[in-house]
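Structure first, commentary second.
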Amino acid sequence: MLASPRDRRCHCIPASRLPAATLSRALPHPSRRPFRRIGYGSSMAAETDVLVDSDTVAGWLTSDEPLAEDQTDFLVDILATAPDEALDFLSGQVECHTARGGDVGALLQVIQSKARGKYAKAAVALLSARAAEGAGDSTSAREHINDALAHRPDLEPALHDATQYAAARGDYTAADRYLRRAQMPSPLQQGLNAALAASAVDDVPRNSPCRCGSGRKYKACCRRGAVPGLAARAQLLYALLGSYAERSPGVEAISALTERTAEPQRYAMFCLDVALFQGGLVEKFLAARGHWLRPEERDLIEDWRRVPFTLYETVDVKRGHGVTLRAHPNGEPIHLSDKLFSTSARRLGLFCGRLLHDTTGPRLLAIPVPVPRHRRHAIQKLLASGPSPEQIADFFAPEPPAQVRNSDGDAVHDCRVTYTANQAEQTFDRLREQLVQTGDDLLASHRQLPDGRTLSIGEIHRNRDEFTITANSPTRLAELEDLLYNVAPDATEQNRHTERLGPNPEPDGREGRTVILETYFLDCHEEAQANERISLDAEAAWLDNPGVIGNLTPRQAAASTDPAILSELHATLDDVEAVLLDAKREGRPTAGLMNPDRLRRTLALNGSRAFAD
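Mapping the sequence shown onto our numbering, position 428 (from 1) lands on 435, and the numbers just tick up by one.
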């Protein structure tokens, strides 16, 4: 799991006071970047009680200036006593340095000559491997990893690197053996298990004598050379790409993308796929390790590279079995057998990602992310523009807050102002001639709409000689104030309150959704009747509203013979249905929401866009 660099916690440890075993328990795993400072025991530290932080040690390892002899001695002592977590972090910094074109060869030669004992030699070999890997030389890196494990068979970061190299070379048995010795879980495990299971002969136990007559166990003989079908290797192949991306240089690129999103943890695996296929990491993987892959594996990766980021729509869900998808808006139905995805997918749900394949059918190897239906136009426009990785990540940044407005287009406010009038009774009577009396001391301003609804503009409430005006916008409040002044020119303002109810617009000018908030009056006696009336009124207004489908009304769009216009009309009706479905799933009121089936019947359309071909 990727984590933000901001999540790193500080650890300040006197190097002379804690043994290495205590340090290992005290520090979280640096590959997840949660720690900041580390301390290591050495003779120098014991005498001076010096604290050594990780940034300083990493700086020594990646410095362009040669280190003094006492510094290199101290560095070798640090490496010899550092816990595996710290070695993983420090060697990762070396890998980042060489990936950026840095050179640590001279320093590695010096500390290699000073290394004594298996711990120091294993640490230097790990650093050498990571330096070679950063420079794009996985072959040399593998040789150094083998050296590291020869000195320390339990060196955790070396075991994971060895697993990657063995799996890329197709030696799944060796990869499995390395992982069995490792303490930390690996993202390769599931794919490796699938490949191993497909390699086995069902009726030959792995510990039984091999049928070839070699005298060795099956697992150590012919099972090692068995090659599973490409479909069985697809998950492992993608996991190899992912584990390559999660090495330190790749994590820097992925973190830069996730930090642009609304929720870095939620979008981490999606950004990993973006960095792989849009950010150039796949090319680097193939340059460094492609010679180990079988030809059909390289061909499959090349196929994956041609799959663009796409907006998909879920058109049908069979829980526990799979889903039917289509590339939005006009793609052919795609049947995806994915039990896990079927448990969370929702019909008419949209998501952005890349649907890959394993040569036998579609596979959801890359993690997609949901897209709200109200943003489908924006994501389609973005994807059609050939976006950069940063632009894709920026789309999933926090949305601008929704703007609450009334039907006049004004931002909704809580507005009220109180006046006193000398001739209160006469003032109230004159106001009553122009307004609607809705209570003993309450007058309301109403606006009759063409569809028969009555819109409330505001109210004036009288309390003796005081008149309090309320409205949902400064503009409407001003209209009622003018009305009061016309009948009571001597009215005196006592107090005023104006408060915006919705959030302010974004400083950068980005516009969020607009939510219309109004108060209407209906001539209905029962709640159900009123709710149905609201829905019918909303549908009537929507059907003849210009600009819903391009410049057209929905009725005009339904009469069109243009496939693009009809497709957008179907998609817009699916938007309406998705709003209704989400409200029902979440237990929210559905009163006043449009009925998509009734709209389709009115427009003489057959069913949801999900099934309309």
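Heads up, the beta-carbon is just placed ideally off N, CA and C, and yes, glycines get one too.
Spatially closest choice to residue i from the options, by CA coordinates
| i | options | result |
| --- | --- | --- |
| G446 | E466, E506, G360 | E466 |
| Q197 | L94, S98, H158, D183 | D183 |
| Y527 | R149, H453, L332 | H453 |
| V522 | T79, A418, A545 | A418 |
| L347 | F277, E534, K325 | K325 |
| N602 | R592, W549, P570 | W549 |
| Y245 | A175, Y319, M191, V258 | A175 |
| H259 | R107, D345, S344 | Note that residue 259 is Glu in the sequence shown, not His. Checked all of R107, D345, S344; the closest Cα to E259 is R107. |
| V314 | S463, A269, G360 | G360 |
| R382 | P407, T366, T146 | P407 |
| E92 | T105, L162, D60 | L162 |
| A155 | L134, T146, G143 | L134 |
| T268 | D401, V83, Q444 | D401 |
| R605 | D544, P570, L307 | D544 |
| A334 | P570, Y319, D345 | Y319 |
| R353 | T366, I85, G329, N214 | G329 |
| R188 | H420, D178, G177, P164 | P164 |
| A263 | D515, A404, N214 | A404 |
| A227 | Q441, N214, E270, A239 | N214 |
| V460 | A169, S542, V289 | Residue identity check: residue 460 is Arg in the sequence provided, not Val. Taking only the C-alpha atoms, the option nearest R460 is S542. |
Close beta carbons around residue i, own chain, < 8 Å, minus the five adjacent residues each side
| i | result |
| --- | --- |
| H384 | none |
| T29 | Residue confidence for T29 is low, a pLDDT of 25 falling below 50, so the modelled location carries little weight and cannot support an answer. |
| T609 | E546, L550 |
Rounded C-alpha distance that separates residue i from residue j
| i | j | result |
| --- | --- | --- |
| L243 | G287 | 20 Å |
| S50 | K121 | Caution is warranted here: a pLDDT of 34 is assigned to S50, below 50, making its placement in the model unreliable, and no coordinate value can be reported. |
| T568 | R483 | 44 Å |
| E309 | S206 | 24 Å |
| I374 | P396 | 16 Å |
| R223 | P212 | 13 Å |
| V281 | C217 | 44 Å |
| R437 | E584 | 48 Å |
| G554 | H468 | 39 Å |
| G99 | W311 | 28 Å |
| S349 | L186 | 31 Å |
| E304 | E593 | 44 Å |
| K128 | L114 | 14 Å |
| L673 | A485 | Since the displayed the chain opens at 8 and closes at 620, residue 673 lies outside it and no answer follows. |
| N470 | G356 | 53 Å |
| L600 | R540 | 10 Å |
| A138 | P512 | 49 Å |
| K125 | D323 | 59 Å |
| A3 | A598 | The shown model of the chain, from 8 to 620, leaves out residue 3, and the question about it has no answer. |
| G141 | Y172 | 14 Å |
| R562 | D415 | 24 Å |
| P271 | P160 | 35 Å |
| L372 | I386 | 21 Å |
| P379 | D110 | 47 Å |
| V289 | G327 | 33 Å |
| Q700 | E339 | A query on residue 700 cannot be resolved here, the shown segment of the chain reaching from 8 to 620 and no further. |
| L450 | E533 | 24 Å |
| E440 | G509 | 34 Å |
Contact set for residue i: own chain, Cβ-Cβ below 7 Å, skip 5 residues either direction
| i | result |
| --- | --- |
| R423 | T475, I476, T477, H504 |
| I556 | A564, I572, E575, L576, T579 |
| M276 | I374 |
| D235 | As written in the sequence, residue 235 is Pro, which differs from the Asp given in the question. Correct list, in chain order: A202, A205, S206. |
| E488 | V424, I476 |
| A65 | L97, Q100 |
| Y179 | L199, A202, L203, S206 |
| Y274 | T265, T268, V376, F403 |
| F435 | R469 |
Same chain, Cβ closer than 6 Å to residue i, neighbours up to 5 away in sequence not counted
| i | result |
| --- | --- |
| E54 | Note on E54: pLDDT 39, under 50, position unreliable in the model; the coordinate value appears next. Contacts found: none. |
| A136 | A148, H151, I152 |
| P369 | I341, L343, L362 |
| P377 | F358 |
| A33 | Interpretation of A33 is limited by its pLDDT of 28, a score under 50 that renders its predicted location unreliable; no figure is taken from the coordinates. |
| N429 | D497 |
DSSP beta-bridge partners of residue i
| i | result |
| --- | --- |
| K224 | P216 |
| G329 | K325 |
| L343 | V330 |
| Q455 | T461 |
Interface flag, residue i vs chain C, CB-CB below 8 Å
| i | result |
| --- | --- |
| D447 | The question asks about chain C, but that chain is absent: this structure has only one protein chain. |
Does the stretch 287-296 come close enough to the stretch 245-257 to have 3 or more Cβ pairs within less than 8 Å?
yes
Does the stretch 498-512 come into contact with the stretch 421-439, if we say contact requires no fewer than three beta-carbon pairs (one atom in each stretch) closer than 8 Å?
yes
Any contact between the stretch 582-594 and the stretch 527-544? By contact I mean 3 or more CB pairs, one from each, below 8 Å.
no
Does the stretch 67-82 come within contact of the stretch 231-241, defined as at least 3 CB pairs closer than 8 Å?
Contact fails: fewer than three Cβ-Cβ distances are below 8 Å.
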